[in-house]
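Student: The numbering used here puts the first residue of the sequence shown at 2, with every later residue one more than the last.
Where is the CB? At the ideal position from N, CA and C, for every residue including glycine.
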Amino acid sequence: MQQSAHVVDGLLGRTGALPKAPELEQGRAMIAAAGSYEGQLEAARAWVNEQLYLAYLRVFSGAASIRDAERHLTALAEAALTLVAEMVTQDLGLEQFPLCILGLGKMGMRAMAPHSDLDLIFVVEEGWSLEEANAVAARFNTAFNAQMREGRVWEVDTRLRPSGRSGPPTISLASFESHHLERAKTWEHIAQVPMRPLSGSAALKNRVLAVKQRILEQPRNPDQLTADAYRMLLRLRDQRIYDRPDDPGEVKLRPGGLMELEYLLAVETLRHGAAAMDEHDALVARWGAGVPVLTGIAGDLRQLRDWFFAGRLYGSSWMARRGVDAAAIAAVTGRVSQAVHTLIDEQALAMEIDWVEYQENPVEWRDAGQRQG
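#1: Under three-state DSSP, which class holds isoleucine 319?
#2: From the DSSP secondary-structure annotation, give me the bridge partner or partners of glycine 104.
#3: In this structure, how does DSSP classify tryptophan 188 when only helix, strand and coil are distinguished?
#4: Taking the alpha helix (DSSP H) that isoleucine 330 falls in, what are its first and last residues?
#5: Distance check for serine 200 and isoleucine 345, CA to CA, integer angstroms please.
#6: Can you look up tryptophan 308 in the DSSP assignment and give me helix, strand or coil?
#7: What is the DSSP secondary structure of isoleucine 172, reduced to helix, strand or coil?
#8: Can you tell me the Cβ-Cβ gap for asparagine 142 and valine 154, rounded? I've got them flagged as a contact below 8 Å.
#9: Here's the rule: buried if 16 or more other CB atoms are within 10 angstroms of the residue's CB, otherwise exposed. What is aspartate 92?
#10: Report the residue ranges of all alpha helix (DSSP H) runs contained in full by the region 58 to 107; include only those spanning at least 4 residues, in chain order.
#11: From which residue to which residue does the alpha helix (DSSP H) around proline 223 run?
#12: DSSP state of aspartate 416, grouped into three classes?
#13: Going along the chain, which residues of its own chain have a beta-carbon closer than 7 Å to the beta-carbon of phenylalanine 160, five neighbours each way excluded?
#14: Could you tell me whether the region 59 to 67 touches the region 99 to 106, using the rule of 3 or more Cβ pairs below 8 Å?
#15: Identify, in the order they occur along the chain, each residue of the same chain with its Cβ nearer than 6 Å to the Cβ of threonine 75, setting aside the five sequence neighbours on each side.
#16: What is the rounded straight-line gap between the Cα of alanine 311 and the Cα of leucine 254?
#17: CB-CB under 6 Å to leucine 84, same chain, minus the five flanking residues each way: which ones, in chain order?
#18: For alanine 192, tell me which candidate among Met233, Trp356 and Ala30 has the shortest Cα-Cα distance.
#19: Just the Cα atoms here: how many angstroms apart are leucine 1 and serine 164?
#20: Rounded to the nearest angstrom, what separates isoleucine 122 and alanine 138 at their Cα positions?
#21: Quick one, which of Ala211, Asp282, Asn222 and Leu271 has its alpha-carbon nearest glutamate 365's?
#22: Between leucine 119 and proline 170, what straight-line distance do the alpha-carbon atoms span, to the nearest angstrom?
#23: Check this for me: beta carbons of leucine 350 and tyrosine 231, under 9 Å apart or not?
#24: So what does DSSP say about glycine 28, is it helix, strand or coil?
#25: Hey, is the region 326 to 345 in contact with the region 287 to 302, meaning 3+ C-beta pairs nearer than 8 Å?
#26: Does the distance from the C-beta atom of valine 209 to that of leucine 271 stay below 9 Å?
#27: Is it true that the CB of valine 60 sits closer than 9 Å to the CB of leucine 302?
#28: Hey, glycine 250 and methionine 320: beta-carbon distance below 9 Å or not?
#29: Tell me which residues share the same chain as tryptophan 48 and place their Cβ nearer than 6 Å to its Cβ, disregarding the 5 neighbours each side in the sequence.
#30: Three-state secondary structure (DSSP) at tryptophan 356?
#31: Output yes or no for whether 9 Å exceeds the beta carbon distance between glutamate 43 and glutamate 151.
#32: State the Cα-Cα distance for the pair arginine 323 and leucine 305, rounded to the nearest angstrom.
#33: Taking Cβ positions, are methionine 88 and aspartate 224 nearer each other than 9 Å?
#34: Buried or exposed: glutamine 52, going by 16 or more other Cβ atoms within 10 Å of its Cβ?
#35: What residue does the alpha helix (DSSP H) around lysine 213 start on, and which one ends it?
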């Protein structure tokens, strides 16, 4: 408790609504007072821990909704990225941080939950070699992920980069663009749907968004999209999504759960096209209103996210304590399963493909004006 007195002080002193943004200047002050680089790493972790405790306290007390908490945790993770980037830049004696950080997954959706990791891609600013940028990225990842007395800053996952888990940690803008427009497979574009730039120069962020705009808007072979989406869904069902009768509080990795719904929405976003500048949920709402089977799906998305966040925060037994029974869960997951079956399974199975032998190939683009729903 002596080592984390700042957390206790915050818990006792602040129980109102969540602030509009994390107290970044407080974090900077704690880091500046820490002295050594190792001390700064501990200070960054202590500040994140304090902010997490304060956010969770406000959810516990009813002062903040889960939606507010998701956004606050997302903003906190972005602030943590800023702090660590500043620390690494200063420690290496650089004039600027050479990476544009792209957020995917829950980070891109602004829907961070307790224990969510950060799905990131590092795109190199102009004027920096990949060798220099890779060294900075490695230092950044160590600063973020290293286990210390105060824990980690946050768990970082960079496996969604074009080079995969075994390749270099950074990529140039030219390579990022050519990969996604010439060599990427459908699953990679599905992962890019919630992507948004979190840091970097305005010019580079705009150019990254221009690539995303082409991924979303350029017409693609609709049969290939359906087949690839179904094949990937089969893998998810084989490896991660299955019935969980012994764990009713698990609403993410079950048929009709949060993972299947967010996957479906990403697939349908690619099918219908959308504006890259829209936030993820607004982007989905823009085309979703015209798909009858998705009527009310925004409410189901919100409900599943609320249950998922609360389950992570309160523990697996919280649903029973709150009176959320199996019938209530099944009502939501049943609607989601029906939508997934209608929009992916039925269309794919009507194609009479040998799914055991099916191989995914790079995305096949069509000429402008050939988009089909």
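Tutor: Short version:
#1: Position 318 of the sequence shown, counted from the first residue, corresponds to residue 319. Before going on, a small fix: residue 319 reads as tryptophan here, not isoleucine. Helix, per DSSP.
#2: Position 103 of the sequence shown, counted from the first residue, corresponds to residue 104. Answer by DSSP bridge pairing, in chain order: Leu121 and Arg197.
#3: If you number the sequence shown from 1, residue 188 lands on position 187. Here tryptophan 188 sits in helix by DSSP.
#4: For this step, residue 330 is matched to residue 329 along the sequence shown. Taken as a continuous stretch (DSSP letters only), the alpha helix (DSSP H) holding isoleucine 330 covers 327 to 341.
#5: Numbered from 1 along the sequence shown, position 344 holds the residue referred to as residue 345. Numbered from 1 along the sequence shown, position 199 holds the residue referred to as residue 200. Near 35 Å, if we compare the C-alpha coordinates of serine 200 and isoleucine 345.
#6: Taking the sequence shown and counting its residues from 1, one reaches residue 308 at position 307. If DSSP states are grouped into helix, strand and coil, tryptophan 308 belongs with the helices.
#7: Indexing the sequence shown from 1 puts residue 172 at position 171. Correct three-state label for isoleucine 172: strand.
#8: For this step, residue 142 is matched to residue 141 along the sequence shown. For this step, residue 154 is matched to residue 153 along the sequence shown. Not a contact, Cβ separation roughly 10 Å.
#9: Stepping through the sequence shown from its first residue, residue 92 is reached at position 91. When all chains shown are included, aspartate 92 counts as exposed.
#10: 67 to 92, all fully within the region 58 to 107.
#11: Locating residue 223 in the sequence shown gives position 222, counting from the first residue. Where proline 223 is concerned, the enclosing alpha helix (DSSP H) stretches over 223 to 240.
#12: Within the shown structure, residues of the chain are numbered from 2 to 374, placing residue 416 beyond reach of any answer.
#13: Counting from one through the sequence shown, the residue named residue 160 turns up at place 159. Sequence inspection shows arginine at residue 160; the phenylalanine mentioned does not correspond to that position. Same-chain partners within the cutoff: Arg166.
#14: Fewer than three pairs of CB atoms, one per stretch, sit closer than 8 Å, so the region 59 to 67 makes no contact with the region 99 to 106.
#15: As a first step, residue 75 is located in the sequence shown; it is residue number 74 there, counting from the start. Excluding sequence neighbours, threonine 75 sits near Arg111 and Met113.
#16: Locating residue 311 in the sequence shown gives position 310, counting from the first residue. Locating residue 254 in the sequence shown gives position 253, counting from the first residue. Each residue's alpha carbon lies about 15 Å from the other.
#17: For this step, residue 84 is matched to residue 83 along the sequence shown. Contacts found: Gly28 and Ala45.
#18: Position 191 of the sequence shown, counting from 1, holds the residue named residue 192. If we check each option's Cα against that of alanine 192, Met233 comes out closest.
#19: Because the chain spans 2 through 374 in this model, residue 1 falls outside it and cannot be assessed.
#20: If you number the sequence shown from 1, residue 122 lands on position 121. If you number the sequence shown from 1, residue 138 lands on position 137. The straight-line gap from Cα to Cα measures roughly 10 Å.
#21: Looking up residue 365 in the sequence shown gives position 364. Comparing Cα positions, the closest option is Asn222.
#22: To locate residue 119, count along the sequence shown from 1; it is residue 118. To locate residue 170, count along the sequence shown from 1; it is residue 169. Roughly 15 Å separates the two Cα atoms.
#23: Residue mapping note: residue 350 aligns to position 349 of the sequence shown, counting from 1. Residue mapping note: residue 231 aligns to position 230 of the sequence shown, counting from 1. Yes. Within cutoff.
#24: Locating residue 28 in the sequence shown gives position 27, counting from the first residue. Glycine 28 falls in the helix class under three-state DSSP.
#25: yes
#26: If you number the sequence shown from 1, residue 209 lands on position 208. If you number the sequence shown from 1, residue 271 lands on position 270. No, these two residues do not count as a Cβ contact at 9 Å.
#27: Within the sequence shown, numbered from 1, the residue matching residue 302 stands at position 301. Within the sequence shown, numbered from 1, the residue matching residue 60 stands at position 59. Not closer than 9 Å, so no.
#28: In the sequence shown, counting from the first residue as 1, residue 250 sits at position 249. In the sequence shown, counting from the first residue as 1, residue 320 sits at position 319. Remark: C-beta atoms of glycine 250 and methionine 320 approach each other more closely than 9 Å.
#29: If you number the sequence shown from 1, residue 48 lands on position 47. For tryptophan 48, where only same-chain residues beyond five positions count, the Cβ hits under 6 Å are Gly28 and Met31.
#30: The count along the sequence shown starts at 1 and reaches residue 356 at position 355. Looking at tryptophan 356 - three-state DSSP - the assignment turns out to be coil, as it is neither helix nor strand.
#31: Here residue 43 refers to the residue found at position 42 when the sequence shown is read from its first residue. Here residue 151 refers to the residue found at position 150 when the sequence shown is read from its first residue. Yes, Cβ-Cβ distance for glutamate 43 and glutamate 151 is below 9 Å.
#32: As a position in the sequence shown, residue 323 is number 322, starting the count at 1. As a position in the sequence shown, residue 305 is number 304, starting the count at 1. Distance between the alpha carbons of arginine 323 and leucine 305: 15 Å.
#33: Here residue 88 is taken as the residue at index 87 of the sequence shown, counted from 1. Here residue 224 is taken as the residue at index 223 of the sequence shown, counted from 1. No, they are not a contact pair.
#34: Reading the sequence shown from its first residue, position 51 is the one you call residue 52. Answer is buried; the Cβ neighbour count reaches 16.
#35: Counting from one through the sequence shown, the residue named residue 213 turns up at place 212. Counting along the chain, the alpha helix (DSSP H) containing lysine 213 begins and ends at 203 to 218.
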